[in-house]
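Everything on this sheet refers to the single structure shown next.
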Amino acid sequence: EHRWDSREHMVRESRQDRELGACPRESLSLHSRFTTLTITREPQSKHGAKDGAVGTGQGCSSASSGAATATTMLFEPSGDGQTPQVVVLVGAPGMGKTMMVRKVMVEWGEGALHTQFDFVFCIDCKAIVLPMEASMANLVSQCCPGLQVPAGKILDDQKKILFIFDGFEALGFSLVHPEAELSSDPREVKPLELTLMSLLKKTLLPKASLLITIRPTALGSLRQCLKGENYVEILGFSAARREEYFHRYFENPSKADMAFRFVRGNEILYSLCVIPIMSWTICTILEQELCGKKNLLECSKTTTGMMMFYLSQLLKHRDRDNPQVLQQFLLQLCSLAAEGIWKHKVLFEEKEIKDCGLDLTGLLPYFLNERIPREGEDHESVYAFTHLHLQEFFAAMFYVLEDNGETISSLGRLEKDVNKLLESYNKSRKDLNVTVQFLFGLVSQKSIEYMDKTIGCRISSRAREELLEWLQRRHRGLSHPGQALKVSEMDTFHFLFEMNEKSFAQSALGHFTDLDLQDTRLTLYDQMALSFCIQHWAGLGSVTLQGCSFHWRDPEAELDVSVPWIWWAGGQPGQVRCAESLLSVLSRRLQWCRLSESCCAELAALLAEHPGLAQLELADSSLGDSGVRLLCEGLRTPGCRLRILR
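For what it's worth, full-length UniProt numbering labels the leading residue of the sequence shown as 1, then goes sequentially.
Next up, the structure:
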């Protein structure tokens with residue numbers, strides 16, 4: 001169950017019938033979990049989704065005030081002081097539309113909105129079974145079966161009524177009936193689509209207010225029925241709200257800090273946390289990882305693993321009867337994503353969507369947002385992935401998703417050539433980094449099994465050998481003839497960590513003896529990747545970390561400190577573990593630069609515990625007399641076997 005989606009049932013009640021009111025536990029849970037979302041609004045039928053993928057920062061947005069109620073935010077008066085009667089809340093799956101609706105219901109149930117609405121009726125279009133024919137009074141009675149006042153009598157005094165339709169696209173109505181067939185009587189029984197059209201077009205209950213949540217891809221037909229509506233689009237969590245969400249989720253401040261630092265150090269995950277359901281996904285996984293652990297340095301869940309879990313949550317309510325339909329859809333979707341990544345393209349025309357066979361209403365809205373052309377615009381709708389990193393994830397899937405032996409995409413233009421992707425990244429296309437990283441993660445044995453059992457997709461393992469050969473060939477080319485073979489690119493450790501397989505890491509690193517990183521800022525994610533790799537690097541004999549820094553805090557915070565890798569006096573036991581895992585595999589030489597006096601006690605302790613270390617170089621360091629004395633104490637201990645100190 002979604003932690004940020006606190007409970008599965010909705011609050012449905014009338015102000016005169018408080019015994020049916022909001023459950024205290026629901027209110028408490030919702031208030032403690034709800035994190036303010038960033039929204040943008042466009043009045044009077046001029047809505048269009050932003051051109052860029054969500055999270056790219058394109059378009060003008062307004063962060064809602066933490067002090068305002070959800071209803072105040074949604075029904076905010078326009079510049080002329082008029083409060084909108086119809087609000088359409090637009091957002092991709094997982095952006096928080098239902099959560100906003102629940103917040104409105106709880107606030108109203110607590111009496112916060114009593115001056116605005118006497119009655120609020122919520123219809124969950126995704127869950128409720130509606131009749132083929134009904135009057136508006138019938139719908140209200142079905143929505144709130146415990147009403148003490150007859151529904152017809154409530155609707156007679158229509159001025160202070162709010163109707164909420166959550167997930168309107170689930171009804172599947174075309175909304176194209178002639179206006180002559182519409183109703184004006186709340187007791188008149190008509191086909192359900194006509195009754196709802198009458199409400200939308202204001203021939204029925206014209207003074208009532210409406211709040212409709214909908215996905216961007218379903219907006220077209222609804223727009224034709226509405227007049228004077230305001231569109232509010234959810235853009236997700238701002239940077240500040242992402243951190244706030246982590247603290248609300250974990251409640252324990254130290255765990256929240258640790259989890260957020262972990263995510264803040266991983267640029268992909270941090271960027272994806274703009275999507276509320278992705279924040280929930282990551283928090284859920286990290287909560288499981290923290291059970292019985294004091295830190296996340298040995299977290300077993302990779303970025304790819306979290307993306308797959310997110311995908312499974314997104315698709316868990318879909319029809320699983322025909323896995324071939326999903327497999328074929330994903331083949332076309334991944335082909336589109338890869339074409340876009342190669343061409344630096346994030347917007348796709350409606351014709352491209354149809355030509356690829358992606359215009360399936362049951363699947364398309366999960367992955368792509370639709371930008372509806374504004375009035376006066378003569379072009380068709382365009383589509384974009386919910387986030388650029390999602391497009392990169394599906395682009396990586398293009399190269400490994402089973403397709404019955406076909407090697408050409410349905411568009412006939414892009415080959416499934418893994419080597420071409422890798423060599424292009426190596427030579428000039430550094431923007432392919434995230435796609436390559438996901439590619440390594442997808443072909444791990446765990447990923448192949450998870451995608452098959454949980455999502456119903458078949459991933460091929462054939463690319464594994466190509467990835468291994470590329471890594472080995474890449475670093476041989478960077479090493480000079482006659483010198484030791486060294487690894488000097490941090491992304492190699494990211495790739496191996498994404499695959500997270502001991503045997504693969506051993507094979508990839510087996511021919512190399514040196515680790516050489518220059519002027520590298522090591523985030524917590526970097527440290528995890530490095531720690532994983534050095535534990536499975538049997539031939540590692542020499543390490544050079546020149547000008548490197550070891551970061552634990554938010555890199556954008558004003559008081560951040562870059563500290564040498566050996567430094568852990570700030571109470572971070574994970575750094576000891578990372579340093580120890582490095583020293584435990586060293587057989588000869590360690591070179592550390594720019595160490596300070598305060599590091600020497602810890603360094604001395606590690607020297608005593610790792611007798612395999614024979615040579616230590618401390619260049620450009622300010623050890624001081626007292627630092628050297630501390631170092632000498634370590635050198636005197638029986639466990640130290642150091643032969644050369646520079």
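Heads up, the beta-carbon is just placed ideally off N, CA and C, and yes, glycines get one too. In this text the structure is predicted, and so the values were computed from the model without any measurement.
- So who's on the other strand from K486, going by DSSP bridges? As a position in the sequence shown, residue 486 is number 486, starting the count at 1. Answer by DSSP bridge pairing, in chain order: D514.
- Task: Under 8 Å by Cβ, that's how I've got L286 and F262 pegged, so tell me the actual separation to the nearest angstrom.
- Result: As a position in the sequence shown, residue 286 is number 286, starting the count at 1. As a position in the sequence shown, residue 262 is number 262, starting the count at 1. The pair is a contact, with the Cβ atoms about 7 Å apart (cut-off 8 Å).
- Message: Among K255, P253, L235, whose alpha-carbon lies nearest the alpha-carbon of C273?
- Response: Indexing the sequence shown from 1 puts residue 273 at position 273. Ranking K255, P253, L235 by Cα distance to C273 puts L235 first.
- Per DSSP, which one or two residues make a beta bridge with P191? Stepping through the sequence shown from its first residue, residue 191 is reached at position 191. Looking at the DSSP assignment, P191 forms a beta bridge with E133.
- Mind checking who Q546 pairs with in its DSSP beta bridge? Looking up residue 546 in the sequence shown gives position 546. According to DSSP, which records beta bridges pairwise, Q546 is partnered with Q518.
- Message: Just to confirm, is the Cβ distance from Y425 to V418 under 8 Å?
- Response: Within the sequence shown, numbered from 1, the residue matching residue 425 stands at position 425. Within the sequence shown, numbered from 1, the residue matching residue 418 stands at position 418. Contact flag unset, no.
- Task: Verify whether the separation of the beta carbon atoms of M100 and V120 is less than 8 Å.
- Result: Locating residue 100 in the sequence shown gives position 100, counting from the first residue. Locating residue 120 in the sequence shown gives position 120, counting from the first residue. No, the pair does not count as a contact, with Cβ atoms beyond the cut-off.
- Task: Check R264 in the structure and name its three-state DSSP category.
- Result: Looking up residue 264 in the sequence shown gives position 264. If DSSP states are grouped into helix, strand and coil, R264 belongs with the helices.
- Message: What ranges does the alpha helix (DSSP H) occupy inside the region 214 to 238, keeping only unbroken runs of at least 4 residues that lie completely in it?
- Response: Entirely contained in the region 214 to 238, the alpha helix (DSSP H) runs reaching 4 residues are, in chain order, 219 to 223.
- Message: Please list the terminal residues of the continuous beta strand (DSSP E) segment that includes V120.
- Response: Translated into positions along the sequence shown, residue 120 becomes position 120. Counting along the chain, the beta strand (DSSP E) containing V120 begins and ends at 119 to 124.
- Can you grab the Cα-Cα spacing for the pair G21 / D452, in whole Å? Here residue 21 refers to the residue found at position 21 of the sequence shown. Here residue 452 refers to the residue found at position 452 of the sequence shown. Caution applies to G21, whose pLDDT of 30 falls short of 50 and renders its modelled position unreliable; the value that the coordinates give is listed next. Straight-line Cα distance between these residues: approximately 44 Å.
- Task: Pull up the distance between the alpha-carbon of G59 and that of V90, whole angstroms please.
- Result: For the purposes of this step, residue 59 is taken as the residue at position 59 of the sequence shown. For the purposes of this step, residue 90 is taken as the residue at position 90 of the sequence shown. Below a pLDDT of 50, predicted positions are generally treated as unreliable, and G59, at 38, falls in that range; the measurement from the model is reported next regardless. Roughly 15 Å separates the two Cα atoms.
- Nonlocal neighbours in the same chain, by C-beta distance under 7 Å from M95, ignoring five residues either side: By 1-based counting over the sequence shown, the position of residue 95 is 95. I234, G236, I275, P276.
- Message: Which same chain residues end up closer than 7 Å to A134 when comparing Cβ atoms and leaving out the 5 residues on each side of it in sequence?
- Response: Taking the first residue of the sequence shown as position 1, residue 134 is located at position 134. So the list reads V189, L192, T195, once near-sequence residues are dropped.
- Task: Quickly, what does DSSP pair F165 with across the bridge? List them, please.
- Result: The residue you call residue 165 lines up with position 165 of the sequence shown. I123, I212, per the DSSP bridge assignment.
- Task: Would you kindly work out how many angstroms separate the C-alpha atoms of W280 and K126, rounded to a whole number?
- Result: Locating residue 280 in the sequence shown gives position 280, where the first residue counts as 1. Locating residue 126 in the sequence shown gives position 126, where the first residue counts as 1. Taking the straight line joining both Cα atoms gives about 21 Å.
- Query: Which of helix, strand or coil does DSSP assign to V90?
  - Reply: Translated into the one-based positions of the sequence shown, residue 90 becomes position 90. Looking at V90 - three-state DSSP - the assignment turns out to be strand.
- Query: What do you reckon, are the CB atoms on G441 and T303 nearer than 8 Å?
  - Reply: Position 441 of the sequence shown, counting from 1, holds the residue named residue 441. Position 303 of the sequence shown, counting from 1, holds the residue named residue 303. Yes, they are a contact pair.
- Query: What is the rounded straight-line gap between the Cα of K103 and the Cα of V129?
  - Reply: Translated into the one-based positions of the sequence shown, residue 103 becomes position 103. Translated into the one-based positions of the sequence shown, residue 129 becomes position 129. Their backbone Cα atoms lie some 23 Å apart in a straight line.
- Message: Can you confirm whether the region 265 to 272 touches the region 529 to 538 when touching is taken to mean that 3 or more C-beta pairs between the two stretches lie within less than 8 Å?
- Response: no
- Which one of E350, F348, S312 has the shortest CA to CA distance from Y366? Position 366 of the sequence shown holds residue 366. Per the Cα distances, S312.
- Message: My output table needs one value for Q82: the three-state DSSP class, helix, strand or coil.
- Response: By 1-based counting over the sequence shown, the position of residue 82 is 82. Q82: coil per DSSP, three-state reduction.
- Sequence-distant residues of its chain with Cβ nearer than 7 Å to C600 (five each side left out): Counted from its first residue, the sequence shown places residue 600 at position 600. Excluding positions up to five away in sequence, the list reads L623, G627, L630, L631.
- Message: Assuming A608 is part of the alpha helix (DSSP H), what are its boundary residues?
- Response: Along the sequence shown, one-based indexing puts residue 608 at 608. 600 to 609 is the extent of the alpha helix (DSSP H) around A608.
- Query: Name the DSSP beta bridge partners of E380, please?
  - Reply: Taking the first residue of the sequence shown as position 1, residue 380 is located at position 380. Partner(s): none; E380 has no beta bridge.
- Message: Which residue marks the beginning of the beta strand (DSSP E) containing L368, and which one marks its end?
- Response: Counted from its first residue, the sequence shown places residue 368 at position 368. In the DSSP annotation of this structure, the continuous segment of the beta strand (DSSP E) that includes L368 starts and ends at 368 to 371.
- Item | Nearest-angstrom Cβ-Cβ length linking E349 and E380, presumed shorter than 8 Å | As a working note, residue 349 is residue 349 in the sequence shown. As a working note, residue 380 is residue 380 in the sequence shown. The C-beta distance from E349 to E380 rounds to 6 Å, short enough to fall under 8 Å.
- Straight-line Cα distance separating T361 from H47: Taking the sequence shown and counting its residues from 1, the one referred to as residue 47 is at position 47. Taking the sequence shown and counting its residues from 1, the one referred to as residue 361 is at position 361. A caution first: H47 carries a pLDDT of 43, below 50, which makes its placement in the model too unreliable to give a value.
- Item | Start-to-end residues for the alpha helix (DSSP H) that takes in M95 | Against the sequence shown, residue 95 aligns to sequence position 95. M95 -> no alpha helix (DSSP H), and no H or E assigned at all.
- Query: Is the region 245 to 252 in contact with the region 211 to 229, if contact means three or more CB pairs nearer than 8 Å?
  - Reply: no
- Could you tell me if L522 is buried or exposed, where buried requires 16 or more neighbouring beta carbons within 10 angstroms of its beta carbon? Position 522 of the sequence shown, counted from the first residue, corresponds to residue 522. It is buried - the Cβ of L522 has at least 16 other Cβ atoms within 10 Å.
- Query: In the DSSP assignment, what are the bridge partners of R41?
  - Reply: As a working note, residue 41 is residue 41 in the sequence shown. Note: R41 sits in a beta bridge opposite V232.
- Message: Only counting the same chain, and skipping five residues up and downstream in sequence, which positions put a Cβ closer than 7 Å to that of K301?
- Response: Walking along the sequence shown from the start, residue 301 turns up at place 301. Excluding sequence neighbours, K301 sits near I285, E289.
- Task: Say whether the region 349 to 358 touches the region 388 to 402, bearing in mind that this needs 3 or more beta-carbon pairs closer than 8 Å, one atom from each stretch.
- Result: no
- Task: Give a yes or no on contact between the region 537 to 552 and the region 502 to 522, applying the rule of three or more CB pairs nearer than 8 Å.
- Result: yes
- Message: Contact between the region 504 to 519 and the region 489 to 496 is defined here as three or more beta-carbon pairs at a separation below 8 Å; is this criterion met?
- Response: yes
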